[in-house]
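**Student:** Residue numbers (the numbering used here), protein chains in the order written: chain A, 1 to 134; chain B, 1001 to 1134. Dropping a structure here in structure tokens format, bear with me for questions.
There are 2 protein chains.
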Amino acid sequence: MTGDERTLIEANRAFYEAFRGRDLSRLDKLWASEHEVAVIHPGWAAVHGRGEVLESWRRIIEGPSPPDIRCSAERPFLMGDAGFVICRELLGGGELIATNVFVREDGEWRLVHHQAGPVPPAAAAEEPGPPTVH
Amino acid sequence: MTGDERTLIEANRAFYEAFRGRDLSRLDKLWASEHEVAVIHPGWAAVHGRGEVLESWRRIIEGPSPPDIRCSAERPFLMGDAGFVICRELLGGGELIATNVFVREDGEWRLVHHQAGPVPPAAAAEEPGPPTVH
């Protein structure tokens, strides 16, 4: 793993730590401020704009059932000063799979986008079988 | 819309045209060859590697029910020589929401990643209501 891949993974972990820790101030710092941002929460329409994106996190974190979330199976993908991480999100009641897109601002990886959606449990995914629906 | 945003949207449309047209040769050309690629089909584990990614498209396109898919509500996000498009995927039986990540190779936008997942219909999404689950 290269240095850039390592720092990308670290930025991704910092995101989940802030999420799990319900640390909105830290989440604010982890999201890009010089690029447009968006988020697609599971089963929801896209949320656009920094204010709306952070507000969506606030509502989840301060909501009646903020998730005890952890990430696993992270894989980094680099494209110069941009990159993304694919990872599984382990929740109390199941798993999601997420794409987190980052851009480098002032030498630090900052989030510009997050999409999470349903995924079969990792054990089931190991079983053979092609995707037959898009 | 800037020139880069326009070409990013065009690359995204070319992807859906190739998908709808079941044009695997065109899909092959639209996916990056100098960067690592991945795809997360709805409800499936991540697929990694160019060969596996293209094989997953082949199975969908040549499968028993290849979708009649169109994209709408595209929004481009630029990060220099990388970018992504968020769009809705209109299928015969419903809608999905997708993130398509691109990188510039030899002056052309090429796909490096696609994640699609469930979304409420656009009409329902207009109704007020915060995301209460992650």
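Glycine included, each C-beta is placed from N, C-alpha and C at the ideal position.
So what does DSSP say about A:T135, is it helix, strand or coil?
**Tutor:** Because chain A here runs from 1 to 134, residue 135 of chain A falls outside it and cannot be looked at.
**Student:** Using only CA atoms, which one of B:F1084, B:G1107 and B:G1094 lies nearest to B:V1101?
**Tutor:** If we check each option's Cα against that of B:V1101, B:F1084 comes out closest.
**Student:** What do you get for A:G3, buried or exposed, if any count of 16 or more other CB atoms within 10 angstroms of its CB means buried?
**Tutor:** With fewer than 16 Cβ atoms within 10 Å of its Cβ, A:G3 is classed as exposed.
**Student:** With distance defined between alpha-carbon atoms, name the residue in B:L1090, B:R1022, B:V1119 and B:R1006 nearest to B:E1055.
**Tutor:** Of B:L1090, B:R1022, B:V1119 and B:R1006, the residue nearest in Cα terms is B:R1022.
**Student:** Within 10 angstroms of the Cβ of A:K64, are there 16 or more other Cβ atoms? Answer buried if so, exposed if not.
**Tutor:** Per the sequence presented here, residue 64 of chain A reads as Pro, with Lys not at that position. It counts as exposed.
**Student:** Determine the DSSP secondary structure at A:V37, reduced to helix, strand or coil.
**Tutor:** Here A:V37 sits in coil by DSSP.
**Student:** So which residues of chain A does B:V1053 contact, with C-beta pairs closer than 8 Å?
**Tutor:** Going along chain A, no residue has its Cβ under 8 Å from B:V1053, so there is no contact; the nearest lies around 11 Å.
**Student:** Taking the straight line between their C-alpha atoms, what separation do you get for A:G43 and B:E1074?
**Tutor:** Taking the straight line joining both Cα atoms gives about 18 Å.
**Student:** For the beta strand (DSSP E) that contains A:I97, what are its first and last residues?
**Tutor:** That run of the beta strand (DSSP E) goes G94 to E105.
**Student:** When you compare only the Cα positions, how much space is there between B:W1031 and B:L1111?
**Tutor:** Roughly 4 Å separates the two Cα atoms.
**Student:** Please list, in chain order, the chain A residues whose beta carbon lies closer than 8 Å to that of B:D1023.
**Tutor:** Within chain A, no residue comes near B:D1023; the closest Cβ sits about 15 Å away, beyond 8 Å.
**Student:** I want to verify the contact list: residues of chain A whose CB lies under 7 Å from the CB of B:M1001, in sequence order.
**Tutor:** None at all; the shortest Cβ gap to chain A is about 13 Å.
**Student:** When the Cα atoms are used, what is the spatial distance from B:L1096 to A:R58?
**Tutor:** If you take the alpha carbons of B:L1096 and A:R58, they lie about 25 Å apart.
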